[in-house]
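Q: Heads up: the sequence lines are chains A and B, in that order.
To convert a position in the first sequence, counted from 1, into the numbering used here, add 22.
To convert a position in the second sequence, counted from 1, into the numbering used here, add 19.
We put the beta carbon where it would ideally sit given N, CA and C, even for glycine.
In this text, all values refer to a predicted model and were calculated from it rather than measured experimentally.
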Amino acid sequence: MMEASEREVYRAAIHGDREAFEMIIRTQSRALFAIAYGILQNREEAEDAVQDALVKAWKSRWRVRDPEKFPAWLCMIARHRARDVFRKRRTVPLSEMPEIPGSETPQTRTIDRDLDSALASLPELQRAAISLRYFEEMDYATIESRLGLTNGSLRGILGRALATMRKQLKPALASEQS
Amino acid sequence: MKIHDEIDNYLAADLHSELSDEEQNALHTHLVECADCRQAHQENKIMNKVLEDKFTAEKPDTSFEQR
């Protein structure tokens, strides 16, 4: 349940109060970035997706009738925007993707590289949930409310995500263990 | 056998401190008895650490909200 003062900020933003909207951006943009990064695995693209999502949110804010639902609605827009970018990018073969400077060093451990491909293989919702958990250290109830999930479903989503990754990373995990 | 059947969910929730005391006790009792789940638990703990390191390194800087 949202606090009354918070609810008022969301209500003001919905009614076109720029200052209230900027306040929301300050408190929500990290979570939006976490969602976009979870889907895109690329900082620059994730930041652009968040910017685009915020512009879209400002333009269509009147669609939100219940201020309580504003955070989840913002997250949905960021997810959709990141998904669009991801889909467009999928038509470019991986070998033609520009390498991100500094992303790969000779010291990069095998497990880190394998982790990136294991993360990339997860369904979008699982990636977004992982990212919210590990970037923002949000508790399950908050992640569920941001992603519009029913109460209790996140445990299964994160359980499946970690299990899938664990199976893919088994050899690397074994060498880390020894 | 409920915990064994749902071990993936229990292990994730345990890592993220989302189990109730009762669930945590039941999980740890099961881990003592089941070698397969114990192995999965060990692997999950290592993976959790690698995930934490990765996301800490990739966190946006503090000025991100101001852009």
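#1: So, under 8 Å CB-CB, LEU184/A and ASP27/B are touching, yes? Tell me the CB distance rounded to an integer number of Å.
#2: Give every residue of the same chain whose Cβ lies closer than 8 Å to the Cβ of SER36/B, excluding the five residues on either side of it in the sequence, and list them in chain order.
#3: Three-state secondary structure (DSSP) at VAL86/A?
#4: Report yes if the CB atom of PHE43/A is closer than 7 Å to the CB atom of ALA53/A, and no otherwise.
#5: Exposed or buried, which one is ASP40/B when buried takes at least 16 other CB atoms within 10 Å?
#6: With 16 other CB atoms within 10 Å as the buried threshold, where does GLN23/A fall?
#7: CB PHE55/A to CB VAL77/A, shorter than 7 Å?
#8: Using DSSP with H/G/I as helix, E/B as strand and the rest coil, what is HIS49/B?
#9: On a CA-only basis, which of ILE65/B, MET66/B, ASP33/B is nearest LEU50/B? Give me that one, please.
#10: Restricting to Cα atoms, I'd like to know which of LYS78/B, PHE74/B, HIS60/B is closest to ALA196/A.
#11: DSSP on SER143/A, reduced to helix/strand/coil?
#12: Given that GLY170/A touches chain B, what residues does it touch there, using C-beta distances under 8 Å?
#13: Going by C-alpha distance, which of ALA54/B, CYS53/B, ASP55/B, TYR29/B is nearest GLN43/B?
#14: Using DSSP with H/G/I as helix, E/B as strand and the rest coil, what is SER51/A?
#15: Do you know how far the Cα of TYR59/A is from the Cα of ARG182/A?
#16: Thinking just about the alpha-carbon of each residue, which of LYS192/A, ARG48/A, GLY38/A, GLN199/A is nearest to the one in ASP136/A?
#17: Is the beta carbon of ILE65/B less than 7 Å from the beta carbon of GLU159/A?
#18: May I have the straight-line CA-CA distance separating ALA76/B from ILE61/A, to the nearest angstrom?
#19: When you check each C-beta in the stretch 166-192 of chain A against every C-beta of chain B, which residues fall closer than 8 Å?
A: The relevant details are as follows:
#1: Position 162 of the first sequence, counting from 1, holds the residue named residue 184/A. Position 8 of the second sequence, counting from 1, holds the residue named residue 27/B. Going by Cβ atoms, the distance from LEU184/A to ASP27/B rounds to 7 Å, so yes, they are a contact pair.
#2: In the second sequence, counting from the first residue as 1, residue 36/B sits at position 17. In its own chain, leaving out the 5 sequence neighbours on each side, no residue places its CB closer than 8 Å to the CB of SER36/B.
#3: Indexing the first sequence from 1 puts residue 86/A at position 64. Reduced to three states, the DSSP call for VAL86/A is coil.
#4: Here residue 43/A corresponds to residue number 21 of the first sequence, with the count starting at 1. Here residue 53/A corresponds to residue number 31 of the first sequence, with the count starting at 1. With respect to ALA53/A, PHE43/A sits apart: the two C-beta atoms are not nearer than 7 Å.
#5: As a position in the second sequence, residue 40/B is number 21, starting the count at 1. By the neighbour-count criterion, in which 16 or more other beta carbons inside 10 Å mark a residue as buried, ASP40/B falls on the exposed side.
#6: In the first sequence, the residue the question calls residue 23/A occupies position 1. The question names Gln, but residue 23/A is Met in the sequence shown. By the neighbour-count criterion, in which 16 or more other beta carbons inside 10 Å mark a residue as buried, MET23/A falls on the exposed side.
#7: Here residue 55/A refers to the residue found at position 33 when the first sequence is read from its first residue. Here residue 77/A refers to the residue found at position 55 when the first sequence is read from its first residue. Contact check for PHE55/A against VAL77/A fails: the beta carbons are separated by 7 Å or more.
#8: Here residue 49/B is taken as the residue at index 30 of the second sequence, counted from 1. DSSP, read as helix, strand or coil, puts HIS49/B in helix.
#9: As a first step, residue 50/B is located in the second sequence; it is residue number 31 there, counting from the start. Ranked by how close their Cα comes to the Cα of LEU50/B, the residues ILE65/B, MET66/B, ASP33/B have ASP33/B in first place.
#10: Translated into positions along the first sequence, residue 196/A becomes position 174. Checked all of LYS78/B, PHE74/B, HIS60/B; the closest Cα to ALA196/A is HIS60/B.
#11: As a first step, residue 143/A is located in the first sequence; it is residue number 121 there, counting from the start. The DSSP-derived three-state label of SER143/A is coil.
#12: The residue given as residue 170/A occupies position 148 in the first sequence. Those within 8 Å of GLY170/A in chain B number zero; the least Cβ separation is about 19 Å.
#13: Here residue 43/B is taken as the residue at index 24 of the second sequence, counted from 1. Of ALA54/B, CYS53/B, ASP55/B, TYR29/B, the residue nearest in Cα terms is TYR29/B.
#14: The residue labelled residue 51/A in the question sits at position 29 within the first sequence. The DSSP-derived three-state label of SER51/A is helix.
#15: To locate residue 182/A, count along the first sequence from 1; it is residue 160. To locate residue 59/A, count along the first sequence from 1; it is residue 37. Straight-line measurement puts the Cα of TYR59/A at about 20 Å from the Cα of ARG182/A.
#16: In the first sequence, the residue the question calls residue 136/A occupies position 114. Among LYS192/A, ARG48/A, GLY38/A, GLN199/A, the Cα nearest to that of ASP136/A is on LYS192/A.
#17: By one-based count along the second sequence, residue 65/B stands at place 46. By one-based count along the first sequence, residue 159/A stands at place 137. No. Outside cutoff.
#18: Taking the first residue of the second sequence as position 1, residue 76/B is located at position 57. Taking the first residue of the first sequence as position 1, residue 61/A is located at position 39. Their backbone Cα atoms lie some 17 Å apart in a straight line.
#19: Cβ contacts with chain B: ARG177, GLY178, LEU180, GLY181, ARG182, ALA183, LEU184, ALA185, MET187, ARG188, LEU191, LYS192.
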